[in-house]
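> Those letters in the sequence shown? Residues 5 to 205, by the numbering used here.
Mind having a look at this structure? Questions to follow.
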Amino acid sequence: MDDLVSLIDTLELRDPLIMMGCSMGDGLAMDFALAQPARVRALIMIGSAPSGLELDVSTPPKFAEAEKAFEAGDLDRVAEIETQIWFDGTGRTPEQVNPVMRKLCYEMNRQALSHEVKQLGKRLPNAETPAFDRLTDLNIPVLVIVGAHDTPYILAAADYMTEKIPLARKVLIEDAAHLPNMDQPQEFREIVTTFLKSLPG
């Protein structure tokens with residue numbers, strides 16, 4: 005959180021901000037909005053969940069496959085399995101998605117894995133107090149975008165946020181998984197543009 009605040013201040017970004025991120029990045033944006041509400045005008049949550057949220061939903065078996073491959077040191081296999089999880093998603097095969105974007109997703113993830121095994125960096129909690137039970141305090145417009153082929157946890161988290169956040173609205177992108185901005189860029193752009201135009205002022 006402190007690093008994000010420092011980055012925003014260093015860039016001299018004008019408050020209040022419209023913050024958008026994907027997956028864990030949006031969890032950080034939400035924590036920032038709760039910690040400094042006067043600095044955030046709206047949130048766009050993409051395939052994400054509030055920090056600290058635990059839900060009783062099934063975990064796809066591919067997660068265990070990826071963990072086993074990682075323990076064996078087969079990073080290429082890990083990257084492929086995780087691409088199946090996050091880009092192909094549930095109910096789609098690699099042949100049913102954009103091959104160019106799928107390849108980019110694989111390459112980005114493979115690079116991240118190479119850094120992970122070198123133990124570069126350390127993941128820290130976004131905030132001292134998790135966001136999941138403070139969502140009613142978010143009195144700003146929140147757009148929740150989720151792909152229909154994302155994991156059961158992310159789909160349930162999207163419903164949870166829509167229910168708990170007073171000004172939240174959910175949009176489901178049917179032919180997308182965890183990365184709808186890469187999966188369906190034109191549809192994604194239209195959804196975000198419509199939301200931005202709806203904001204007061």
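All residues carry an ideal CB built from backbone N, CA and C; glycine is no exception.
Predicted model, so just to flag it, every value in this text is computed and none were measured.
Residue 18 by DSSP, collapsed to three states: which one?
Reduced to three states, the DSSP call for residue 18 is coil.
> Is any heavy atom in the ligand ATP found nearer than 7 Å to the beta carbon of residue 198?
Absence of the ligand ATP from the depicted structure is noted, as is the absence of any ligand whatsoever, leaving it without description.
> Do residue 148 and residue 49 have their C-beta atoms within less than 8 Å of each other?
Yes, these two residues count as a Cβ contact at 8 Å.
> Whole angstroms are fine: how far does the CA of residue 169 sit from the CA of residue 139?
Each residue's Cα considered, the two are about 5 Å apart.
> Helix, strand or coil: which one does DSSP assign to residue 51?
It is coil, neither helix nor strand.
> Where are the alpha helix (DSSP H) runs, 4 residues long or more, that stay fully inside the region 69-132, in chain order?
For the region 69-132, whole alpha helix (DSSP H) runs of length 4 or above, ordered along the chain, are 79-87, 103-121.
> Compare the C-alpha of residue 120 against each of 193, 171, 79 and name the closest.
Out of 193, 171, 79, 79 has the C-alpha closest to the C-alpha of residue 120.
> Considering just the uninterrupted stretch of the beta strand (DSSP E) at residue 149, what are its terminal residues?
Note, residue 149: beta strand (DSSP E), 146-151.
> Just curious, the beta strand (DSSP E) that residue 37 is in, first and last residue?
Per DSSP, residue 37 belongs to no beta strand (DSSP E); it is in the alpha helix (DSSP H), 28-39.
> For the alpha helix (DSSP H) containing residue 200, list its first residue and its last residue.
Its alpha helix (DSSP H) spans residues 189-202.
> Which same chain residues, not among the five before or five after residue 166, have their C-beta less than 8 Å away from its C-beta?
Same-chain partners within the cutoff: 148, 172, 173, 174.
> How about the region 65-73 and the region 176-191: do they share at least three Cβ pairs that are nearer than 8 Å?
The region 65-73 vs the region 176-191: no contact.
> Does the Cβ of residue 63 have 16 or more other Cβ atoms within 10 Å, making it buried, or fewer, making it exposed?
Under this definition residue 63 is an exposed residue.
> Buried or exposed: residue 292, going by 16 or more other Cβ atoms within 10 Å of its Cβ?
Because the chain here runs from 5 to 205, residue 292 falls outside it and cannot be looked at.
> Below 8 Å, how does it come out for the region 91-111 and the region 153-160: are there three or more Cβ pairs, yes or no?
In short, these stretches touch, since the Cβ pair count reaches three.
> Tell me whether the beta-carbon of residue 21 lies closer than 8 Å to the beta-carbon of residue 44.
Taking 8 Å as the Cβ cut-off, residue 21 and residue 44 qualify as a contacting pair.
> Between which two residues does the beta strand (DSSP E) carrying residue 177 extend?
Segment 172-177, the beta strand (DSSP E) holding residue 177.
> Just to confirm my understanding: we take residue 188, look at its own chain, exclude 5 residues before and 5 after, and list those with CB closer than 7 Å. What are they?
If we look at residue 188 and ignore the five residues flanking it on each side, its Cβ neighbours are 177, 179, 180.
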